[in-house]
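Trainee: The structure's right below; bear with me while I get my questions together.
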Amino acid sequence: MDDEVTLSPWIQNVRFLPAIDWNIKFFGAHEQRVDKHWQMPLESHIGFEMIFIQEGAQETVIGESKYQLGAGDFLLIPPGFKHKSRCISEEGMAYFCAHFNVDDPAFRQEMIRSGRLLFPAGSADHERLLPILKQWIAMLRRGGGYTTADRFRLQADLFELFGLLVGTICFPEEEMAAMPPASVQYAKAIAEAIKGNFDPHKLPGEPAAESAFSIEEIMRSLGISPGYGLEVFRKVYGLSPRQFLSELKLQEAKVLIRQPELSLKEIAVRLGYSQLSHFSRQFKRWTGMSPLHYRQQHFQL
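Following the working numbering, the numbering of the sequence shown begins with 1 at its first residue and continues without gaps.
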């Protein structure tokens, strides 16, 4: 106790920067040229999707809203938002696309609540974001292997992007305080537990998706009721815990299907399905196409 009393005046005069404890994922970054018939079926993701149109034009439908993107336009699609896209220019289209996920609930909540999705070419916010996209595209076109320095540069750019995106929105201070910190932390803990129990990288024979864990049990282990857990999770992440798990499975399924050395049966086992047919039916419910069709379409692009 004496030590605490002695240290108190010193502590009171110290200013601390915020601690950062985030898990960040950046994936699926690519550029592509497509013909006028190109389209993507209705889908959603557990992370954010960035679309930058380089040439031509694209139509993207998000919920009830329709966006027409021309050359230079930038679109940000938040996690959990169902959307579909198609090329609408006769000469085809070229685009750059990337996905990222950050487990900071405050960031996700602010971006989802802002409703700011489209950054038209030439706008002030667009001009601030453009240099980051150009750096990624230049890295992509350089080809060859990527060094540790490249990965750190990419991560630094990603943090800069986060700061710029948050800087494009503004909420009154009292509105930002509407969600109690404890609620946000509960939602984050539920998400982390779901991700921790779902491991699609296990070897065959070690099923991941159907492992014996219950979302309700996760909530009870945190000392909260399933009803309250569902409520705070929806407010922070914009979807239910079960939808979050389904999106997690879907994104991992897509990643695995794009690996030609893996058979579809092996992928089904890794994701926890006892039969390939069960996985195929579920994947078709998610995407509107079979895993085989999705794989064929991916390698035709």
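Even for Gly, the Cβ is constructed at its ideal location relative to N, Cα and C.
Can you give me the Cβ contacts of residue 279 inside the same chain, cut-off strictly under 6 Å, excluding the 5 residues immediately before and after it?
Mentor: Same-chain partners within the cutoff: 268 and 273.
Trainee: Among 183, 246 and 245, which has the Cα closest to the Cα of residue 223?
Mentor: 183
Trainee: DSSP three-state call for residue 81: helix, strand or coil?
Mentor: Residue state, collapsed to three classes: coil.
Trainee: Can you tell me whether DSSP reads residue 94 as helix, strand or coil?
Mentor: strand
Trainee: Look at the alpha carbon of residue 83 and the alpha carbon of residue 49, and state the distance between them as a whole number of angstroms.
Mentor: Between residue 83 and residue 49, the alpha-carbon positions lie close to 11 Å from each other.
Trainee: Report the three-state DSSP secondary structure of residue 146 (helix, strand or coil).
Mentor: coil
Trainee: In three-state terms, what does DSSP make of residue 274?
Mentor: Note: residue 274 maps to coil in three-state DSSP.
Trainee: Do you know how far the Cα of residue 13 is from the Cα of residue 74?
Mentor: 45 Å
Trainee: Just the Cα atoms here: how many angstroms apart are residue 258 and residue 298?
Mentor: 7 Å
Trainee: Does residue 168 come out as helix, strand or coil in the three-state DSSP assignment?
Mentor: Of the three classes helix, strand and coil, the one that applies to residue 168 here is coil, per DSSP.
Trainee: In this structure, how does DSSP classify residue 14 when only helix, strand and coil are distinguished?
Mentor: coil
Trainee: Reducing DSSP to helix, strand and coil, say where residue 65 ends up.
Mentor: strand
Trainee: Measuring alpha carbon to alpha carbon, tell me which of 221, 167 and 105 ends up nearest residue 193.
Mentor: 221
Trainee: Since residue 100 and residue 195 should fall inside the 8 Å C-beta cutoff, what is the C-beta to C-beta distance between them, to a whole number of angstroms?
Mentor: Contact flag wrong, Cβ pair sits at about 15 Å.
Trainee: Quick check on DSSP: helix, strand or coil for residue 20?
Mentor: coil
Trainee: At the level of alpha carbons, what is the spacing between residue 81 and residue 236?
Mentor: 14 Å
Trainee: Determine whether the Cβ of residue 188 lies closer than 8 Å to any Cβ atom of chain D.
Mentor: Of the chains in the structure shown, none is chain D; there is only one protein chain.
Trainee: In terms of alpha-carbon separation, which member of 125, 187 and 154 lies closest to residue 166?
Mentor: 125
Trainee: Hey, could you find the ends of the beta strand (DSSP E) residue 39 is sitting in?
Mentor: Per DSSP, residue 39 belongs to the beta strand (DSSP E) from 39-43.
Trainee: What does the alpha-carbon distance come out to for the pair residue 225 and residue 216?
Mentor: 8 Å
Trainee: Would residue 116 and residue 60 be called neighbours here (beta carbons separated by less than 8 Å)?
Mentor: Between residue 116 and residue 60, the C-beta gap is not smaller than 8 Å, which leaves the two residues out of contact.
Trainee: I need the straight-line Cα distance from residue 149 to residue 277, nearest angstrom please.
Mentor: 43 Å
Trainee: Rounding to the nearest angstrom, what Cα-Cα distance links residue 214 and residue 243 in this structure?
Mentor: 14 Å
Trainee: When burial is assigned at 16 or more other CB atoms within 10 Å of the CB, is residue 198 buried or exposed?
Mentor: buried
Trainee: Using the three-state DSSP reduction, which class does residue 25 fall into: helix, strand or coil?
Mentor: strand
Trainee: Is the beta carbon of residue 133 closer than 8 Å to that of residue 164?
Mentor: no
Trainee: Taking Cβ positions, are residue 253 and residue 271 nearer each other than 8 Å?
Mentor: yes
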